[in-house]
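Input: a single structure, listed below in structure tokens.
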Amino acid sequence: MKTGVAGTLLEVQDLTLTFGGVKALRGVSFSVQPGSVTSVIGPNGAGKTSVFNTISGFYRPSAGSIHFQGESISNVTPPKRAALGLARTFQNIALFRGMTVLDNIKLGRHCHLRTGPLAALFYTPAARREEDALRQEIEERIIDFLEIDHIRKAPVASLSYGLQKRVELARALAMRPKLLLLDEPVAGMNREETEDMARFILEVRREWGITVLMVEHDMGMVMDLSDHVVVLNFGQVIAQGLPTEVQANPEVVKAYLGSGNIEALRARFKQAVRPTVNTRAVA
Amino acid sequence: MNIDWWLLFEISLAGLGTGGLYALTGLAFVMIYKATRVVNIAIGEMLMIGAYIFFAFSAGMGLPIWLAIPGALLVCGAFGALVERTMIRPMLGESPISSFMVTVGLSSILVGVVELVWTADQQRLPEFLPTKPIEIGQAFVSPKIFYGFWIAVLLITTVLLVFRFWRGGVALRATASDQAAAYSMGINVPRVFSLAWVVAAMIAGVAGIVVGSIGGISSAMGIFGLSVLVVVIFGGLDSVLGALVGGLFVGLVEALTGFYIGGEYKILATFTLLVLILVVRPYGLFGTHEIERL
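Chains as they are written, first to last, in my numbering: chain Z, 929 to 1211; chain H, 5 to 298.
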């Protein structure tokens, strides 16, 4: 049964999530158009990560539905959602520590591999072909693209925060996703790392045709990259639309500043972008 | 003091033989701990169940050995899956102590079942290993211990190779490292849990059959698990290498103590070793230091 709105990649309808007596999400609805960059923003505790965890299947919503490519995925386990084309990164980096960068990225392809235990043990031609194809694609496309060739053999625990985030993105790309969920992709990054990440996100969309849904606090980046912005507050959608529409919305201004001063918020949105130019000029 | 080197060599070989079986059972323990973070106190009793199922198939139903062993291992695997599904998975998200206590209960249940079905009397498993004594130089090794050791080595090698090169092994390591990330990566974490218990139960089954054929089987066989517990704490709960080294070392220490000091001091030596390692390296020889986020 296809109840999702035609043409949307992801359709979230009336999503409600409760933990005991706490309502983390209250009737959240929004949709993600294919090929777009959609952002979910909101003050701390607004329910952004809860939305993500429900979409990737870690939380089971108490009401509402999620449709991916027109099919309901409400009863689909996280591993099957991954096989369908949903990939995600985590707010706190969740790499496999103790493994190398390359192993971490290869694990992203896990859900698409076929080789059984015996074939792997004797390294049959089929197993070899699968391994070669995997290595080639990962090395040629993902590692080159994300400019992490120099650290491919390094254990992830030894890398800087920004690089770890990049490896996490690489691992998600190895899953060949249709929809990429990024949970605060630039949190804690310096200006330069943020710019690199913004560039990667745009290229992921343009060259790989992957749709992006992200949660992010960096307003400058959200407003620059997004086609569509969803604003959450206290578990409810208080506004959504184009970045310019959302910025002008009095509800949003109130949620962020506690007052109705639009100019103050505009200044904040702009302020996030401005220093870019300055640091670059100095460097 | 005059040391009889051949005698020492002989005792050491016997110790390493038992140590191989400790290492094998330790591997089963580590596999469960790595995948599911459950400290499985019932590992000795799972080994015992393996031996009794083999006993039922061979002596009870009169099946030939080549059928009774695979049959017993299949049942062991199914038993592992059953335990995981009905006792361990419902404890997901509970405190580690709770699932630990569940395995304590499991060990009592298994002892009870064995005593109900087969009585508490000691039984003999049918002979299936060659009985010709093995001679290395002037040292003699009991054939059962000799072949038992090589069975353990063969099985350990196979399991390690399969888990090294098969993606199921990668899934196991990924799950051990970060469950949430593994889950979102398309790794079926519940299936990994199941797999770990099935494989561990089968490994324990093999160990049980060999241990039983060396010393006979009884409802007190689970005692073997106590030494295995020392082995894995010595080597580090989550370290496969630790289980192997620890197994051989504990086997050696027990054999030497048993011969030079007296059989009744064997367990004393084992647990003295445990106390020492807990004082010096609480996470074991090769275990991961748990680093708490501050």
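In this text, a Cβ means the ideal position worked out from N, Cα and C, and glycines have one as well.
Assigned secondary structure, residue i (DSSP; H/G/I helix, E/B strand, else coil)
i	result
Z/R988	coil
H/E98	coil
Z/M1117	coil
Z/N981	helix
Z/H1156	strand
H/N192	coil
H/I140	strand
Z/D1060	helix
H/F275	helix
Z/N1032	helix
H/L199	helix
Z/R1080	coil
Z/T966	strand
Z/T1139	strand
H/V87	helix
Z/Q1019	coil
H/F153	helix
Z/A1054	helix
H/S243	coil
H/R297	Residue confidence is low: H/R297 scores 37 on pLDDT, short of 50, so the model does not pin down where it sits. Its coordinate-derived value is still stated next. Three-state result, H/R297: coil.
Z/E1075	coil
Where residue i falls, given that 16 or more other Cβ within 10 Å makes a residue buried
i	result
H/V196	buried
Z/V1205	Low per-residue confidence applies at Z/V1205: pLDDT is 40, beneath 50, and the placement is therefore not dependable, though the value from the model is reported in the following sentence. So Z/V1205 ends up on the exposed side.
H/G97	exposed
H/V118	buried
Z/N972	exposed
Z/D1146	buried
Z/K1081	exposed
Z/Q1168	buried
Z/V1174	buried
Z/E1127	Here the sequence assigns Arg to residue 1127 of chain Z, which means Glu is not the residue at that position. It is exposed - the Cβ of Z/R1127 has fewer than 16 other Cβ atoms within 10 Å.
Z/H1078	exposed
Z/G935	exposed
H/G116	exposed
Z/P1006	buried
H/L120	exposed
Z/E1179	exposed
H/S112	exposed
H/K136	exposed
H/E14	buried
Residues that residue i contacts on chain H, provided the C-beta gap is smaller than 8 angstroms
i	result
Z/S912	Because residue 912 of chain Z is not part of the residues shown, which for chain Z are 929 to 1211, the question remains open.
Z/M1103	M189, G190
Z/A1011	G190
Identified DSSP bridge partners for residue i
i	result
Z/K951	Z/T946
H/Q1	Missing from the structure shown is residue 1 of chain H; chain H here goes from 5 to 298 and no further.
Z/E939	Z/S959, Z/H995
H/G251	Paired residue(s): none; H/G251 is not in a bridge.
Z/G1169	Z/V1157
Z/L1014	Z/L1107
H/V145	H/I138
Z/M1000	Contrary to the premise, residue 1000 of chain Z reads as Ser rather than Met in this sequence. The partner list for Z/S1000 (beta bridge, DSSP) reads Z/H995.
Z/Q1164	Z/N1161
Chain H contact residues for residue i, given Cβ-Cβ distances below 7 angstroms
i	result
Z/G1026	S181
Z/L1035	V174, A178, M189
Z/P1006	Y187, S188
Z/R1016	S188
Contacts that residue i makes with chain H (C-beta to C-beta distance below 9 angstroms)
i	result
Z/H1038	R171, V174, A175, A178, A186, M189, G190, I191
Z/F947	Those do not exist, as Z/F947 stays about 13 angstroms from chain H at its closest Cβ, beyond 9 angstroms.
Z/A1167	In chain order: nothing, as chain H lies at least about 29 angstroms away.
Z/F996	Within 9 angstroms Cβ-Cβ: nothing; Z/F996 doesn't reach chain H, min ~14 angstroms.
Heavy atom of the ligand ZN within 8 angstroms of residue i beta-carbon
i	result
H/F59	Questions concerning the ligand ZN fall outside what the structure shown contains, since it holds no ligand whatsoever.
9 angstroms Cβ cutoff, residue i in contact with chain A
i	result
Z/L1023	Going by chain labels, chain A is absent from the structure shown, which instead holds the protein chains Z and H.
Would the stretch 988-996 of chain Z count as touching the stretch 1109-1124 of chain Z if we require 3 or more Cβ pairs under 8 angstroms? Output reads no: the stretch 1109-1124 of chain Z does not touch the stretch 988-996 of chain Z.
Are at least three pairs of beta-carbons, each pair with one atom in the stretch 940-947 of chain Z and one in the stretch 1133-1144 of chain Z, less than 8 angstroms apart? no
Can you confirm whether the stretch 64-84 of chain H touches the stretch 7-22 of chain H when touching is taken to mean that 3 or more C-beta pairs between the two stretches lie within less than 8 angstroms? no
Between the stretch 205-219 of chain H and the stretch 48-68 of chain H, do three or more beta carbon pairs fall short of 8 angstroms? Per the Cβ contact rule, the stretch 205-219 of chain H is in contact with the stretch 48-68 of chain H (3 or more Cβ pairs under 8 angstroms).
Are at least three pairs of beta-carbons, each pair with one atom in the stretch 13-25 of chain H and one in the stretch 86-94 of chain H, less than 8 angstroms apart? As far as the Cβ criterion goes, the stretch 13-25 of chain H does not touch the stretch 86-94 of chain H, which means the pair count is below three.
Within the chosen definition, does the stretch 180-191 of chain H reach the stretch 74-83 of chain H through at least 3 CB pairs nearer than 8 angstroms? Touching, no, given that fewer than three Cβ pairs across the two stretches are closer than 8 angstroms.
Do the stretch 955-975 of chain Z and the stretch 1096-1105 of chain Z touch if we need at least three Cβ pairs shorter than 8 angstroms? no
With three or more beta-carbon pairs closer than 8 angstroms as the criterion, would you say the stretch 120-131 of chain H touches the stretch 215-224 of chain H? yes
Inter-stretch contact at 8 angstroms, needing at least 3 Cβ pairs: the stretch 1009-1016 of chain Z / the stretch 157-175 of chain H: no
Cβ pair count under 8 angstroms reaching 3, the stretch 228-241 of chain H against the stretch 275-289 of chain H: yes
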